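Using our numbering, read the sequence shown as starting at 53 and increasing by one per residue.
Built from N, CA and C at the ideal position, the CB exists for glycine as well.
These figures come from a predicted structure and were not determined experimentally.
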Amino acid sequence: RGLRNKDLHRTSEHVETHYGNVHCIMVGTPRANHPVLLTFHDVGLNHKSCFDTLFNHEDMREINSYLPVCHVEAPGQHEGAKTLPSSYIYPSMDQLSEALPAVLKHFGLRRVIGLGVGAGAYILAKFALNHPDLVDGLVLININPSAAGLIDSVASKLTEWTHTLPDTVIAHLFGKDEIETNHDLIATYRHNITTTMNQSNLTQFLHSYNNRNALEVERPIPGENINFRTLKCSTLLIVGDNSPAVEAVVDCNSKLNPTETTLLKMADCGGLPQVDQPAKVIEALKYFIQGMGYCKSLLGYLTPNYLNLKGELSPVSGKNHPCNFRPVNRRPQRQEVSRDIRSRYVTDCFTALHTYAHSGTG
């Protein structure tokens with residue numbers, strides 16, 4: 053069923069870019085005509101704390117064997133990072149996205165499928181907007197496409213004065229209910245933020261994220277906004293229904309091309325879906341990658357759990373089959389399916405997701 057993540061060849065390198073060195077971990081060996089999964093973490097996390105639960109899951113073995121992974125860490129955010137020099141000007145979100153072409157060139161990568169969380173999702177989306185020829189698809193978890201407004205900036209300043217850095221990051225990553233009830237998880241991440249992250253460097257990355265520009269994407273309207281700017285690749289948006297990022301992700305969905313975008317709101321899920329419910333995220337990844345014409349062998353390992361999302365999709369006629377799902381209380385909409393999907397099985401399941409995403413609600 054494929055190799056475990058820890059059994060794959062991995063290299064760790066600092067890649068020089070116009071905006072400083074970024075730490076990168078290449079897992080697996082890139083192959084011709086195969087994209088590479090390019091990951092980027094959120095504020096307060098590094099590639100381990102953000103993605104290890106996902107990539108070490110047994111259900112991820114098939115993807116691990118088929119697609120190499122390149123983890124990118126923002127300057128000074130890797131484990132054991134030294135404090136950045138006082139003369140170093142921390143790059144903006146836009147500049148971090150423009151550091152990625154150098155990473156692809158360094159490793160000889162032609163095309164990627166981006167997997168980002170929070171700040172990392174924003175960076176990868178910006179990268180795809182400016183370099184659409186390098187990006188096959190995007191999986192964006194907890195993306196916020198908006199700039200921080202005046203009220204947000206004031207609230208951020210007040211938080212800096214009244215809360216510790218770990219408190220601020222925890223509030224960014226997790227919802228209020230999760231913070232109050234899942235004490236073990238919060239304690240684990242608080243410990244990670246405090247002990248493995250360089251506090252000075254983390255503060256600068258957080259400041260950069262809090263000063264981001266709007267993503268400037270627009271949903272195309274036939275016959276009206278001819279010169280619209282939007283993501284041109286297939287895009288999967290993921291958010292937990294208890295995440296502090298729910299409204300932002302739904303807003304992002306409303307701004308993207310509905311024929312290329314699927315919104316997956318995961319029921320009973322917290323702020324980090326890839327940590328809280330990794331198996332469901334992996335199944336979503338498998339369907340998504342299949343939808344682009346890759347990893348056809350993954351079909352044999354898919355299960356109905358992916359579409360059985362409480363409150364989002366429900367069985368049709370009571371038949372327990374992953375293809376027999378429809379949106380709950382939604383008016384049927386025109387269905388668009390990726391042209392590269394070969395299998396009827398995948399087509400039916402992908403159509404169900406697209407129908408839900410196109411219903412205009414979260």
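CA-CA distance, residue i and residue j?
i              : j                 : result
leucine 288    : alanine 266       : 19 angstroms
threonine 248  : histidine 93      : 15 angstroms
serine 390     : glutamine 342     : Any reading at serine 390 needs caution, since the residue's pLDDT is 38, under 50, leaving its predicted position unreliable; the model's value is listed next. Their backbone Cα atoms lie some 10 angstroms apart in a straight line.
asparagine 309 : glutamate 110     : 33 angstroms
valine 327     : leucine 225       : 11 angstroms
proline 82     : phenylalanine 179 : 20 angstroms
lysine 134     : valine 155        : 21 angstroms
glutamate 268  : leucine 190       : 17 angstroms
isoleucine 175 : threonine 233     : 31 angstroms
glutamate 125  : isoleucine 273    : 37 angstroms
serine 306     : isoleucine 290    : 14 angstroms
arginine 162   : tyrosine 339      : 22 angstroms
lysine 332     : leucine 186       : 27 angstroms
alanine 84     : leucine 60        : 18 angstroms
tyrosine 419   : valine 169        : Past the edges of the chain, shown from 53 to 414, lies residue 419, and the structure says nothing about it.
threonine 216  : histidine 235     : 18 angstroms
histidine 66   : isoleucine 231    : 35 angstroms
serine 117     : threonine 105     : 17 angstroms
serine 138     : asparagine 262    : 20 angstroms
Less than 8 angstroms separating the beta-carbons of residue i and residue j?
i                 : j              : result
histidine 99      : isoleucine 115 : no
phenylalanine 107 : valine 121     : yes
glycine 292       : cysteine 321   : yes
cysteine 304      : proline 197    : yes
proline 218       : threonine 240  : no
proline 153       : tyrosine 142   : no
leucine 119       : histidine 75   : no
alanine 297       : asparagine 194 : yes
aspartate 229     : asparagine 294 : yes
leucine 136       : glutamine 256  : yes
glycine 323       : glycine 227    : yes
leucine 283       : alanine 177    : yes
leucine 199       : arginine 264   : A quick correction: the sequence has alanine, not leucine, at residue 199. Yes; because the gap between Cβ atoms is below 8 angstroms, this pair is in contact.
serine 260        : serine 144     : yes
alanine 171       : histidine 70   : no
Report the residue from the options whose alpha carbon sits nearest the alpha carbon of residue i.
i              : options                          : result
arginine 271   : Arg264, Arg281 and Asn262        : Arg281
proline 325    : Ala177, Asn85, Arg162 and Leu237 : Leu237
isoleucine 334 : Leu167, Asn234, Gly80 and Asn263 : Leu167
leucine 315    : Lys228, Arg163, Ala336 and Leu90 : Ala336
histidine 243  : Ser101, Gly80 and Tyr71          : Ser101
arginine 62    : Tyr71, Thr105 and His123         : His123
proline 330    : Phe103, Leu60 and Ser138         : Phe103
Around the C-beta of residue i, are 16 or more other C-beta atoms found within 10 angstroms, so that it is buried, or is it exposed?
i              : result
lysine 317     : buried
isoleucine 165 : buried
valine 380     : Note that valine 380 scores a pLDDT of 29, beneath 50, so its modelled location is shaky and nothing firm can be said.
asparagine 73  : exposed
glycine 160    : exposed
proline 184    : exposed
glutamate 68   : exposed
glutamine 251  : exposed
glutamate 312  : buried
leucine 365    : Reliability of the predicted coordinates at leucine 365 is poor, the pLDDT of 33 falling under 50, and the value obtained from them is presented with this limitation in mind. Leucine 365 is buried by the Cβ-count criterion.
glycine 80     : buried
glutamate 299  : exposed
serine 64      : exposed
glutamine 157  : Per the sequence shown, the amino acid found at residue 157 is lysine instead of glutamine. It is exposed - the Cβ of lysine 157 has fewer than 16 other Cβ atoms within 10 Å.
glutamine 387  : Because glutamine 387 sits at a pLDDT of 33, beneath the cut-off of 50, its placement in the model cannot be relied upon, and the following sentence gives the value as read from the coordinates. Its Cβ having fewer than 16 others within 10 Å, glutamine 387 is exposed.
Our contact map puts residue i next to residue j with C-beta atoms below 8 angstroms; I'd like the distance itself, whole angstroms only.
i              : j             : result
asparagine 253 : glutamine 129 : 6 angstroms
leucine 192    : alanine 173   : 4 angstroms
valine 221     : glycine 96    : 3 angstroms
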